[in-house]
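This report concerns only the one structure given below.
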Amino acid sequence: MQMMLRDRDYPELLEELKGRKVLIWTCNTCARLCDVGGRENAEALAGRLREDGVEVVGISSTGASCIASNVRRCREDVPDGYDVVVALTCDIGSQLAGTVFGRPVVNPVATLGTGYRDDSRACIIFGRGGDGDVSLEKEAERLGLDTGPIVRPPSI
322 MQMMLRDRDY
332 PELLEELKGR
342 KVLIWTCNTC
352 ARLCDVGGRE
362 NAEALAGRLR
372 EDGVEVVGIS
382 STGASCIASN
392 VRRCREDVPD
402 GYDVVVALTC
412 DIGSQLAGTV
422 FGRPVVNPVA
432 TLGTGYRDDS
442 RACIIFGRGG
452 DGDVSLEKEA
462 ERLGLDTGPI
472 VRPPSI
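Going by my numbering, the sequence shown opens with residue 322, and the numbers climb by one from there.
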């Protein structure tokens, strides 16, 4: 699976989106498992953007946003009227969204490479620069980036 972290905080993303009509696109596989994407995180982000005056015209998601047929199938159900896609996906899913949706893409996610979830459900990145496998949290700390969603969904 692809390992991802968010590469900016909410205020930075909000500034990029002011005055734009937004479609939020997310992956329910790797991005969800890394907690930067997935439907629940996309809905939380959409709610916060709307509260702050950004027009969010829709949210769409698929499992494996790196598979073109998945993205094309979802495209049929996406409402028109947006001028930018916010992709809560890896860089492959982001590029594919731009191709399929035909709009500019803002991708507030850093893709770090491949990895896996261990038995305790921690995300582990395969060997980084001779250091062996490292946790996503440790790599985030080393890079000065953050784990988790841009906007945390409300607790139930």
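Built from N, CA and C at the ideal position, the CB exists for glycine as well.
Distance from the CA atom of residue 392 to the CA atom of residue 431, rounded to whole angstroms, is 20 Å.
By the Cβ test, the segment 461-471 is in contact with the segment 358-370, since at least three Cβ pairs between them sit closer than 8 Å. Under the DSSP assignment, residue 421 falls in the alpha helix (DSSP H) whose first and last residues are 412-422.
For the pair residue 324 and residue 413, the CB atoms are not nearer than the 7 Å cut-off. Annotated as distal: residue 440 and residue 448, with beta-carbon spacing of 7 Å or more. For residue 355 and residue 327, the gap between their C-alpha atoms comes out near 10 Å.
With respect to residue 396, residue 421 sits close: the two C-beta atoms are nearer than 7 Å. With a 10 Å radius around the Cβ and a threshold of 16 neighbouring Cβ atoms, residue 333 comes out exposed.
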